[in-house]
Amino acid sequence: MSATPLIKRLFLGPTFRGQVIRLLIATSLLGSVAYFAVQLNQTQQYLKAQLSTHAQDTAYYFGMWCRDYVAAGDLAMVETQVSSLVDSNYIVEFTLTDKAGKEVLKRVGSNQIEGVPSWFVNWYVLEPGVGTSELYAWEKLGAIEIKSNTGLAYEYLWKSAKKSLLVALLIAAVASLIGYALLFFIVRPLRAIEAQANAIAARDFSKISQLPGTEELRSVVLAMNRMAKAIEKNFKAVSERADKLQAEAYIDGLTQLGNRRAFLAHLKQLLNDPEQPSGALWFVHLTGLESLQQRAGAPIAKDQVKRVCELCRELAEHFEGMAFRTSESEIAMVVPRLHQLDQDANSLSTSLDALAHPEQTQGVAILGICEYRPGMELKQLLANADHALTLAGQPGEQRFHILAPEENLATDQLDISQRRAKMSRLITPPQLKLSCQPILAKDGQQVQMFELLSRFFDDQGAAMNTPDLFAELSRLGLIEQLDRAVIKEALEVARVHQGARLAINLSMQTMLSTEFLAWLANQLPKARGLRKRITFELSEHSIQLHMKAAQSFIQTVRTLGVKVTIEKFGVSTLPFSYLKQIRPDHIKVAGNYVHDINKDIENKDFITTLIQLGHGLDIAVFAEQVEDEEAANTLKELGIDGLQGYLFGQPYSVDEIGK
Numbered sequence: 001m002s003a004t005p006l007i008k009r010l011f012l013g014p015t016f017r018g019q020v021i022r023l024l025i026a027t028s029l030l031g032s033v034a035y036f037a038v039q040l041n042q043t044q045q046y047l048k049a050q051l052s053t054h055a056q057d058t059a060y061y062f063g064m065w066c067r068d069y070v071a072a073g074d075l076a077m078v079e080t081q082v083s084s085l086v087d088s089n090y091i092v093e094f095t096l097t098d099k100a101g102k103e104v105l106k107r108v109g110s111n112q113i114e115g116v117p118s119w120f121v122n123w124y125v126l127e128p129g130v131g132t133s134e135l136y137a138w139e140k141l142g143a144i145e146i147k148s149n150t151g152l153a154y155e156y157l158w159k160s161a162k163k164s165l166l167v168a169l170l171i172a173a174v175a176s177l178i179g180y181a182l183l184f185f186i187v188r189p190l191r192a193i194e195a196q197a198n199a200i201a202a203r204d205f206s207k208i209s210q211l212p213g214t215e216e217l218r219s220v221v222l223a224m225n226r227m228a229k230a231i232e233k234n235f236k237a238v239s240e241r242a243d244k245l246q247a248e249a250y251i252d253g254l255t256q257l258g259n260r261r262a263f264l265a266h267l268k269q270l271l272n273d274p275e276q277p278s279g280a281l282w283f284v285h286l287t288g289l290e291s292l293q294q295r296a297g298a299p300i301a302k303d304q305v306k307r308v309c310e311l312c313r314e315l316a317e318h319f320e321g322m323a324f325r326t327s328e329s330e331i332a333m334v335v336p337r338l339h340q341l342d343q344d345a346n347s348l349s350t351s352l353d354a355l356a357h358p359e360q361t362q363g364v365a366i367l368g369i370c371e372y373r374p375g376m377e378l379k380q381l382l383a384n385a386d387h388a389l390t391l392a393g394q395p396g397e398q399r400f401h402i403l404a405p406e407e408n409l410a411t412d413q414l415d416i417s418q419r420r421a422k423m424s425r426l427i428t429p430p431q432l433k434l435s436c437q438p439i440l441a442k443d444g445q446q447v448q449m450f451e452l453l454s455r456f457f458d459d460q461g462a463a464m465n466t467p468d469l470f471a472e473l474s475r476l477g478l479i480e481q482l483d484r485a486v487i488k489e490a491l492e493v494a495r496v497h498q499g500a501r502l503a504i505n506l507s508m509q510t511m512l513s514t515e516f517l518a519w520l521a522n523q524l525p526k527a528r529g530l531r532k533r534i535t536f537e538l539s540e541h542s543i544q545l546h547m548k549a550a551q552s553f554i555q556t557v558r559t560l561g562v563k564v565t566i567e568k569f570g571v572s573t574l575p576f577s578y579l580k581q582i583r584p585d586h587i588k589v590a591g592n593y594v595h596d597i598n599k600d601i602e603n604k605d606f607i608t609t610l611i612q613l614g615h616g617l618d619i620a621v622f623a624e625q626v627e628d629e630e631a632a633n634t635l636k637e638l639g640i641d642g643l644q645g646y647l648f649g650q651p652y653s654v655d656e657i658g659k
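Under UniProt numbering, the final residue of the sequence shown carries the number 659; numbering is consecutive throughout.
Written out as structure tokens, the structure is:
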């Protein structure tokens, strides 16, 4: 902060410190002015008395000297001496009268005052002192009158005034400094209170350990500490309630994996989102689990379940997927990976057999694997997975079966370099075009921001299958290149449509790329006025797999002025407390919680708690996939901050923003 704004804030601003400082300065100056006036007045009175005494003494002694000369009539001698006195500026006026009072001799000198400003002489008037003396021999000879010269007195008074003013200003400065130093220690507890209030707003509930000595301020600090403790307790209660609700509804108590409810919610989310790539659904069925429990005991059976679930979790997360325990003897894995399934299935099957108990002569588990694609029917997908599991259970050496997909996306006969070149053309305009879907305020009218969606067109201008293209881009490692292209187009949209706020989905690969952050930092300075209108959307699934990287990414883009939204919130098994670490600007509730909000009380409780927690952290809560009026009204009643879905219209071209 530069000196000028600081001075304005301290001395001219409406702050308490500024007011006290101004009061201190005014009081010090008034005291100094009073001191100066008193000193100057005392000096003036002293000089007046001195001038009067000087004139009278001079008249007395001069009268004694000149008496004989006057009696002898030798006025020339008297005049000579008087001239000497006047010329030396000792006196300014001499008058000699005879016994009848007639003026005999008069001499007037110059009352010139050197080195003293005229305004000071006019301001402080010093009248010349007057002294008289009568001359006697045997009889009265006459009288003399002498007026003293004020020049030396004015010179003395001027020097005294300057010295008094310097002392007065020094006193004012010292008093102000002492007052400011005292003020610094007095208001220090107020600064601590301010810092604590800001910390509470940021959900940091630390207390002020050092109590002020002033009784009133001590009471305020103690009250703030009590308030911080109460707010912290309430926040923890809300977080714990949210985590409990999520755990009860979506977490398997034995393995801490998501349960069947969480599995179905996650699967629905993938199938309903055309932006998601295709992948593989794995069903792992534990064979002979009930028999193992009867023969070896429940603890051994539970331990084996835990170990199998841990293997499945490690495999799923290695390929950036998720594992769920969908029943007592079944684990499901949703993995966005379609190649090398034979190798992966054989490796997992071997690892599972290594966990076999001596009682399990037929192995530990069988595996059924099938492909999933966005747009598939959930029932059909589950039926495919069950069928694959059935085939895996047939007699034979191989204990897994991979169901052939209805459509093989890898049948393109082009080599890798040709395919990359082809896909690179698709993710650049004009074959890449942006659509948008508004996120409306809870009144259902005002647009808060537009979520941008990528759409692809072939050389003839026909729309292409977006989910299939995303899957191909992911396999070819071009997702980050797509995200960069979308950001460039988004910045251009923001320039054209002033005031529009835009949300851009970023992939997990882009979030993990250090090169992307360097590229982004280079792009945004060119769009200094636009960056505050850009929001990046990250999936909660990506954050769950890479928590530290996500936290670092969010902190970095925030320093660039970009906001962050966590989308598809609630599909992972993360505790709600992670929001306090990540601190997004918005969270977007996954659509599966919204669809049945009026039929499923647990979904409603989940969203209610999420809104309370989000608002407690100053995080706006949006809902996506809002498709009916009843759900929208319920969300509004719960206090949702934003709504998005087909109820308010399907995606449309960004060219129509503002129309």
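Every residue gets a Cβ at the ideal spot worked out from N, C-alpha and C, and that includes glycine.
Nothing here was measured: the structure is a model prediction, and the numbers come from that model.
Q448 burial status per 10 Å Cβ neighbour count (16 or more: buried): One-based indexing of the sequence shown puts residue 448 at position 448. When all chains shown are included, Q448 counts as buried.
Coarse secondary structure for N505, derived from DSSP in three states: Counting from one through the sequence shown, the residue named residue 505 turns up at place 505. Strand.
Reference Q42, options S160, S539 and I554, closest by Cα: Locating residue 42 in the sequence shown gives position 42, where the first residue counts as 1. That would be S160, whose Cα lies nearest to the Cα of Q42.
Where G649 falls: helix, strand or coil (DSSP): Locating residue 649 in the sequence shown gives position 649, where the first residue counts as 1. DSSP places G649 in coil when its eight states are reduced to three.
Beta-carbon proximity check, Q39 vs V167, cutoff 9 angstroms: By 1-based counting over the sequence shown, the position of residue 39 is 39. By 1-based counting over the sequence shown, the position of residue 167 is 167. Here Q39 is near V167, since their CB atoms are less than 9 angstroms apart.
Helix, strand or coil at T411 according to DSSP, with G and I counted as helix: Locating residue 411 in the sequence shown gives position 411, counting from the first residue. For T411, the predicted structure reports a pLDDT of 36, less than 50, and the residue's modelled location is therefore unreliable. A value from the coordinates is still provided. In this structure, T411 counts as coil in the three-state DSSP scheme.
H586 versus Q398: straight-line alpha-carbon distance, rounded: Within the sequence shown, numbered from 1, the residue matching residue 586 stands at position 586. Within the sequence shown, numbered from 1, the residue matching residue 398 stands at position 398. Rounded to whole angstroms, H586 and Q398 show a C-alpha spacing of 48 angstroms.
Contact check, N505 vs E480, beta carbons under 9 angstroms: Your numbering for residue 505 matches position 505 in the sequence shown. Your numbering for residue 480 matches position 480 in the sequence shown. No, Cβ-Cβ distance for N505 and E480 is not below 9 angstroms.
Collapsed DSSP secondary structure at F62 in the structure displayed: Counting from 1 along the sequence shown, the entry for residue 62 is found at position 62. Helix.
C-alpha gap between A298 and S329, whole angstroms: Indexing the sequence shown from 1 puts residue 298 at position 298. Indexing the sequence shown from 1 puts residue 329 at position 329. When rounded, the distance between both Cα atoms is 13 angstroms.
N-terminal and C-terminal residue of the alpha helix (DSSP H) that Q523 is part of: Against the sequence shown, residue 523 aligns to sequence position 523. Taken as a continuous stretch (DSSP letters only), the alpha helix (DSSP H) holding Q523 covers T514 to Q523.
Extent of the continuous beta strand (DSSP E) to which T326 belongs: Sequence index remark: in the sequence shown, residue 326 carries index 326 (1-based). Per DSSP, T326 belongs to the beta strand (DSSP E) from M322 to S327.
Under the three-state DSSP convention, the category I611 falls into: Your numbering for residue 611 matches position 611 in the sequence shown. Shown here, I611 sits in a helix according to DSSP, grouped into three states.
Cβ neighbour criterion (16 or more within 10 Å) applied to A34: Along the sequence shown, read from residue 1 onward, the residue named residue 34 stands at position 34. A34 counts as exposed, since fewer than 16 other beta carbons sit within 10 angstroms of its beta carbon.
Supposed close pair F470, Q276 - CB separation, criterion 8 angstroms: Here residue 470 corresponds to residue number 470 of the sequence shown, with the count starting at 1. Here residue 276 corresponds to residue number 276 of the sequence shown, with the count starting at 1. At roughly 7 angstroms, the Cβ-Cβ gap stays under 8 angstroms, so F470 and Q276 are in contact.
Strand pairing of E93, partner residues [DSSP]: Taking the sequence shown and counting its residues from 1, one reaches residue 93 at position 93. BP columns for E93 point to V108 and K147.
The segment 482 to 497 touching the segment 428 to 441, judged by at least three CB pairs closer than 8 angstroms: In short, these stretches touch, since the Cβ pair count reaches three.
Per-residue burial, E540 [other beta carbons within 10 Å of its own, 16 or more giving buried]: Sequence index remark: in the sequence shown, residue 540 carries index 540 (1-based). Classification for E540: buried.
Backbone CA spacing between L647 and L453 [nearest angstrom]: Translated into the one-based positions of the sequence shown, residue 647 becomes position 647. Translated into the one-based positions of the sequence shown, residue 453 becomes position 453. Rounded to whole angstroms, L647 to L453 spans 17 angstroms at the Cα level.
Contact under 9 angstroms by Cβ, R325 with L355: Counted from its first residue, the sequence shown places residue 325 at position 325. Counted from its first residue, the sequence shown places residue 355 at position 355. It is not a contact, given that the beta carbons lie outside the stated cut-off.
Cβ neighbour criterion (16 or more within 10 Å) applied to G642: Translated into the one-based positions of the sequence shown, residue 642 becomes position 642. By the 10 Å Cβ count, G642 comes out buried.
L378 in three-state terms, based on DSSP: Your numbering for residue 378 matches position 378 in the sequence shown. Three-state result, L378: helix.
A365 and T287 closer than 9 angstroms at C-beta: In the sequence shown, residue 365 corresponds to position 365, counting from 1. In the sequence shown, residue 287 corresponds to position 287, counting from 1. At a Cβ-Cβ threshold of 9 angstroms, A365 and T287 count as neighbours.
V121 - containing alpha helix (DSSP H), residue span: The sequence position of residue 121 within the sequence shown is 121, counting from 1. Start and end: S118 to W123.
Selected residue, minimal CA-CA separation from K99, among W119, V70 and V92: Here residue 99 refers to the residue found at position 99 of the sequence shown. Among W119, V70 and V92, the Cα nearest to that of K99 is on V70.
Among A620, T390, L579 and K568, nearest to G591 - alpha-carbon criterion: To locate residue 591, count along the sequence shown from 1; it is residue 591. Ranking A620, T390, L579 and K568 by Cα distance to G591 puts K568 first.
Burial state of S278 (16 or more Cβ within 10 Å): As a working note, residue 278 is residue 278 in the sequence shown. Only buried fits S278, as 16 or more other CB atoms lie within 10 angstroms of its CB.
Delimiting residues of the beta strand (DSSP E) encompassing R455: Taking the sequence shown and counting its residues from 1, one reaches residue 455 at position 455. V447 to F456 is the span of the beta strand (DSSP E), which, as asked, contains R455.
V571, DSSP secondary structure in three states: The residue labelled residue 571 in the question sits at position 571 within the sequence shown. Correct three-state label for V571: coil.
Which of helix, strand or coil DSSP assigns to Q362: On the sequence shown, residue 362 is found 362 positions in, with the first residue counted as 1. Residue state, collapsed to three classes: coil.
Beta carbon of H285 nearer than 9 angstroms to that of M322: Locating residue 285 in the sequence shown gives position 285, where the first residue counts as 1. Locating residue 322 in the sequence shown gives position 322, where the first residue counts as 1. Not a contact, by the Cβ cut-off of 9 angstroms.
Those residues which DSSP pairs with G73 across a bridge: Locating residue 73 in the sequence shown gives position 73, where the first residue counts as 1. According to DSSP, which records beta bridges pairwise, G73 is partnered with nothing at all.
Assigned secondary structure, D585 (DSSP; H/G/I helix, E/B strand, else coil): Residue mapping note: residue 585 aligns to position 585 of the sequence shown, counting from 1. Correct three-state label for D585: coil.
Own chain, CB closer than 7 angstroms to E407, minus 5 neighbours either side, in chain order: In the sequence shown, the residue the question calls residue 407 occupies position 407. Legend: pLDDT at E407 = 38, less than 50; position of this residue unreliable, no value from coordinates given.
Cβ-based burial, Y154 [other Cβ within 10 Å; buried from 16]: For this step, residue 154 is matched to residue 154 along the sequence shown. When all chains shown are included, Y154 counts as buried.
Candidates A500, I554 and K236: closest to T514 by CA position: By one-based count along the sequence shown, residue 514 stands at place 514. For the residues A500, I554 and K236, the minimum Cα distance to T514 belongs to I554.
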